[in-house]
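Structure first, then comments.
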Amino acid sequence: MKMNRLLSALIPALVFIFLAFPLLGVDMSPQNLRLVVSLAPSSNLTLILTAGFAIFLFQYFKFSITRIADVVKVKVIDNNVENLEFKTLFASYWFWAILVISLFAWPLLVGSSTSLDISIKVLIYVMLGLGLNVVVGLAGLLDLGYVGFYAVGAYCYGMLNFYFDIGFWVALPISVFAAATAGFLLGFPVLRLRGDYLAIVTLGFGEIIRILLNNLSSITGGPNGLNGIDKPTLFGLEITKRLKIDKENGQTIYDFFGFDYDRMYMMMVIYFLALIMVFFCLFVINRLQRMPIGRAWEALREDEIACRSLGLNRTAIKLSAFTIGASTAGFAGAFFAAYQGSISPESFIFFESAIILAIVVLGGMGSQLGVILAAIVLTALPEMAREFNDYRMLVFGALMVLMMIWRPQGFIQTKRPTIDLNGESKA
Amino acid sequence: MSYLLEAVDLKMQFGGLMAVNGVNLHVNKNEIVSVIGPNGAGKTTVFNCLTGFYEPTGGVIKFEDGEIQGVPGHLISRKGMVRTFQHVRLFKEMSVVENLLVAQHRHLNTNFLSGLFKTKSYRDAEKKALAQAKFWLDKVNLTEFSDREAGNLAYGQQRRLEIARCMVTQPKLIMLDEPAAGLNPTETAELNQLISDLRSDFDMTVLLIEHDMKLVMDISDRIYVVNQGMPLAHGTPAEIQNNPEVIKAYLGEE
Numbered sequence: 002m003k004m005n006r007l008l009s010a011l012i013p014a015l016v017f018i019f020l021a022f023p024l025l026g027v028d029m030s031p032q033n034l035r036l037v038v039s040l041a042p043s044s045n046l047t048l049i050l051t052a053g054f055a056i057f058l059f060q061y062f063k064f065s066i067t068r069i070a071d072v073v074k075v076k077v078i079d080n081n082v083e084n085l086e087f088k089t090l091f092a093s094y095w096f097w098a099i100l101v102i103s104l105f106a107w108p109l110l111v112g113s114s115t116s117l118d119i120s121i122k123v124l125i126y127v128m129l130g131l132g133l134n135v136v137v138g139l140a141g142l143l144d145l146g147y148v149g150f151y152a153v154g155a156y157c158y159g160m161l162n163f164y165f166d167i168g169f170w171v172a173l174p175i176s177v178f179a180a181a182t183a184g185f186l187l188g189f190p191v192l193r194l195r196g197d198y199l200a201i202v203t204l205g206f207g208e209i210i211r212i213l214l215n216n217l218s219s220i221t222g223g224p225n226g227l228n229g230i231d232k233p234t235l236f237g238l239e240i241t242k243r244l245k246i247d248k249e250n251g252q253t254i255y256d257f258f259g260f261d262y263d264r265m266y267m268m269m270v271i272y273f274l275a276l277i278m279v280f281f282c283l284f285v286i287n288r289l290q291r292m293p294i295g296r297a298w299e300a301l302r303e304d305e306i307a308c309r310s311l312g313l314n315r316t317a318i319k320l321s322a323f324t325i326g327a328s329t330a331g332f333a334g335a336f337f338a339a340y341q342g343s344i345s346p347e348s349f350i351f352f353e354s355a356i357i358l359a360i361v362v363l364g365g366m367g368s369q370l371g372v373i374l375a376a377i378v379l380t381a382l383p384e385m386a387r388e389f390n391d392y393r394m395l396v397f398g399a400l401m402v403l404m405m406i407w408r409p410q411g412f413i414q415t416k417r418p419t420i421d422l423n424g425e426s427k428a
Numbered sequence: 184m185s186y187l188l189e190a191v192d193l194k195m196q197f198g199g200l201m202a203v204n205g206v207n208l209h210v211n212k213n214e215i216v217s218v219i220g221p222n223g224a225g226k227t228t229v230f231n232c233l234t235g236f237y238e239p240t241g242g243v244i245k246f247e248d249g250e251i252q253g254v255p256g257h258l259i260s261r262k263g264m265v266r267t268f269q270h271v272r273l274f275k276e277m278s279v280v281e282n283l284l285v286a287q288h289r290h291l292n293t294n295f296l297s298g299l300f301k302t303k304s305y306r307d308a309e310k311k312a313l314a315q316a317k318f319w320l321d322k323v324n325l326t327e328f329s330d331r332e333a334g335n336l337a338y339g340q341q342r343r344l345e346i347a348r349c350m351v352t353q354p355k356l357i358m359l360d361e362p363a364a365g366l367n368p369t370e371t372a373e374l375n376q377l378i379s380d381l382r383s384d385f386d387m388t389v390l391l392i393e394h395d396m397k398l399v400m401d402i403s404d405r406i407y408v409v410n411q412g413m414p415l416a417h418g419t420p421a422e423i424q425n426n427p428e429v430i431k432a433y434l435g436e437e
């Protein structure tokens with residue numbers, strides 16, 4: 002038992018070091034025409050080792066940590082049937098409080114707009130992962146064209162802003178609605194299909210969207226895409242350096258509060274917006290998961306025939322999962338367009354779908370926490386190791402293969418919500 | 184006199200195979216009726232036709248005076264006719280209570296916004312569903328396993344959970360497809376008791392497919408015998424036991 006625990010802690014740590022070393026541990030510098038490979042500065046190496054050690058500690062003491070959490074949980078026994086209510090497993094509120102605070106304090110800690118840029122990208126992928134998680138992880142519908150809905154959302158805001166000067170906050174719900182409609186329309190014919198067939202059709206859908214965007218040059222700008230899309234405003238205040246949207250009566254946030262423009266400030270505002278949007282997605286999807294519809298999604302994944310025999314309407318349930326997933330992608334897409342300021346079909350290639358799917362699978366199907374972790378790993382790591390761009394796919398592939406061998410259930414295995422039949426809920 | 188469920192001249196053809204040919208049956212309210220027959224006789228096909236999993240090639244099915252042949256399965260089940268399966272079909276990775284909550288889907292408040300903000304009507308509906316789930320868990324002795332994943336239960340427990348899952352939908356007729364398959368004698372005796380209780384305490388009507396003759400003879404009011412898709416005999420347990428045709432079908436000719 003003890004040996005087992007040691008081993009199961011040692012392996013992830015070693016895997017991490019093994020994967021991180023080629024990314025961060027070696028330095029490659031071009032000399033004349035040759036590439037000289039040397040060991041990275043010792044600070045990088047210590048970083049890798051520390052992280053590996055942290056992983057080891059976490060894995061090793063995981064059981065003790067959960068046990069502490071169990072003790073903290075107060076158990077109220079009450080046989081009154083009136084008091085039946087749900088009890089969630091994630092009990093320690095202080096943990097979440099610290100997490101949220103540190104997330105908001107994050108930009109102050111990192112202090113560079115490049116790392117904030119990466120953080121914002123991670124947050125966008127978290128949103129996408131959460132949305133796809135509904136479709137693939139919960140409802141069990143393999144969707145390979147998810148990026149199509151992302152594109153619909155992004156182009157919806159992009160075009161509304163480009164042609165009609167509609168602001169981000171007005172366009173956001175429209176984009177969500179447009180993506181949801183796309184999901185709904187695609188869902189109708191497609192959801193009769195199962196498994197592999199569904200995957201192929203959705204794959205086709207994603208490509209159709211991209212090719213449409215590429216070729217409808219008169220509307221979408223073709224391969225060049227759309228430029229000069231407005232950034233979101235903050236309660237009517239603009240966040241760019243100079244007034245862009247309302248040149249006569251507008252006011253920038255910097256003038257309003259009376260400090261000088263710094264690119265960092267703008268990034269911070271965008272980061273906070275992204276964070277709030279992620280929390281919004283988390284909240285909605287988390288609630289959905291615990292609602293009857295969420296249970297129905299999972300039931301459908303488990304056994305369609307049993308669902309039918311219990312009076313659940315398969316089509317409606319599948320469509321709702323598809324629509325919710327698509328609208329989340331639209332939500333993220335509109336934000337992406339606003340953040341980048343320019344969009345082109347380049348950003349919506351199949352590879353994006355593959356990454357988002359990898360986030361869901363790697364994170365552990367159905368687990369929201371897992372999706373968040375996987376989004377960080379799969380987006381932030383490659384960005385941090387830009388120099389190794391060429392090896393990115395190699396490491397990516399190796400990581401996926403290794404994960405499938407050692408931890409096919411993903412980073413975090415979904416925990417069933419414990420439902421207390423007799424107790425009183427704490428919330 | 185109208186029956187709760189009635190099938191007239193039911194036919195089901197798969198290509199050249201006549202899986203069910205001219206089966207007639209009726210079930211009165213509060214009755215326990217069994218369908219028996221050798222393996223491959225078409226019993227489960229009859230079930231599948233009745234519950235809308237297959238669209239019968241011919242014949243009429245009436246449930247509470249409405250014709251239901253060709254109606255999609257989920258709508259038939261909403262009319263109050265639910266079934267279990269020959270091979271247990273639970274939502275294996277979901278917990279035991281969740282299985283029972285999913286089954287109550289259409290009794291719950293599925294409104295998106297009320298669920299998002301946990302309105303009172305939403306919470307009340309959830310509470311009621313939980314109470315209902317707890318009631319049936321107690322009934323089938325699974326309360327202590329309520330948070331266990333359904334797939335991890337012992338086989339007999341899974342069978343009981345499947346019956347409980349049908350019952351929480353508040354059906355009028357419950358159809359059990361070989362509920363005793365794979366159960367040991369003690370468990371079969373418990374099942375016998377449970378089915379009798381369903382009738383006496385909950386006014387349930389039961390249609391049963393079963394191979395365990397002791398259970399069938401014990402519990403049934405009437406029995407239909409099907410052989411090679413055709414109706415062979417129909418009567419009380421005593422009549423069936425002494426029917427030479429039935430004995431021939433089961434044991435072969437002397």
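The listed protein sequences derive, respectively, from chains A and B.
In terms of our numbering, the first sequence opens at residue 2 and continues consecutively.
In terms of our numbering, the second sequence opens at residue 184 and continues consecutively.
Built from N, CA and C at the ideal position, the CB exists for glycine as well.
Since we're looking at a predicted model, the values are computed, not measured.
Under the three-state reduction of DSSP, which class applies to alanine 202 of chain B: helix, strand or coil?
strand
Phenylalanine 349 of chain A to serine 176 of chain A, Cα distance in whole Å?
16 Å
Under 7 Å, CB to CB, which of the residues in the region 281 to 302 of chain A have a partner in chain B?
Val285, Arg288, Met292, Pro293, Ile294, Arg296, Ala297, Glu299 and Ala300
Relative to the C-alpha of tyrosine 272 of chain A, which candidate in A:Phe59, A:Lys122 and A:Asp231 has its C-alpha closest?
A:Lys122
According to DSSP, is lysine 245 of chain A helix, strand or coil?
coil
Scan the region 180 to 202 of chain A for residues whose Cβ lies nearer than 8 Å to a Cβ of chain B and list them as they occur along the chain.
none
Once DSSP output is grouped into helix, strand and coil, what is the label at isoleucine 306 of chain A?
helix
So within the region 229 to 295 of chain A, which uninterrupted alpha helix (DSSP H) runs reach at least 4 residues, ignoring any that extend past its ends?
254 to 258 and 264 to 291
Name the chain A residues that come within less than 9 Å of glutamate 281 of chain B, Cβ to Cβ?
Arg296, Glu299, Ala300, Arg417, Pro418 and Ile420
By the three-class DSSP mapping on this structure, what secondary structure does proline 420 of chain B have?
helix
Counting Cβ pairs, one atom from each stretch, are 3 or more of them under 8 Å apart for the region 267 to 283 of chain B and the region 247 to 255 of chain B?
no
Chain A partners of alanine 224 of chain B, CB-CB under 9 Å?
Result: empty, since nearest Cβ-Cβ is about 22 Å, beyond 9 Å.
Using 8 Å as the threshold, is the C-beta distance between valine 409 of chain B and valine 218 of chain B below it?
yes
Give the straight-line distance between the Cα atoms of valine 323 of chain B and alanine 314 of chain B, rounded to the nearest whole angstrom.
14 Å
Would you please state the rounded distance, in angstroms, between the beta carbons of methionine 128 of chain A and phenylalanine 280 of chain A? I believe it to be under 8 Å.
With a Cβ gap of about 10 Å, methionine 128 of chain A and phenylalanine 280 of chain A do not count as contacting.
Roughly how many whole angstroms lie between the Cα atoms of arginine 243 of chain A and phenylalanine 258 of chain A?
15 Å
To the nearest angstrom, how far is the alpha carbon of leucine 36 of chain A from that of methionine 29 of chain A?
6 Å
Suppose contacts are defined by Cβ-Cβ distances below 8 Å. Is glycine 251 of chain A in contact with glycine 342 of chain A by that definition?
no
For lysine 245 of chain B, list the residues DSSP reports as bridge partners.
B:Glu189 and B:Glu250
Are the CB atoms of alanine 224 of chain B and asparagine 207 of chain B nearer to each other than 8 Å?
no
Beta-ladder partner(s) of serine 39 of chain A, from DSSP:
A:Asp28
Would asparagine 162 of chain A and aspartate 231 of chain A be called neighbours here (beta carbons separated by less than 8 Å)?
yes
Which chain B residues are close to leucine 313 of chain A, counting only those with a beta carbon under 7 Å from its beta carbon?
His257 and His288
I'd like to know whether the C-beta of leucine 299 of chain B is nearer than 8 Å to at least one C-beta of chain A.
yes
Across which residues does DSSP place isoleucine 131 of chain B in a beta bridge pair?
Within the shown structure, residues of chain B are numbered from 184 to 437, placing residue 131 of chain B beyond reach of any answer.
Please compile the residues from chain B whose C-beta is within a distance smaller than 7 Å of the C-beta of arginine 309 of chain A.
Gly256 and His257
Within-8 Å CB hit, isoleucine 413 of chain A to chain B
no
Leucine 142 of chain A versus lysine 245 of chain A - alpha carbon distance
43 Å
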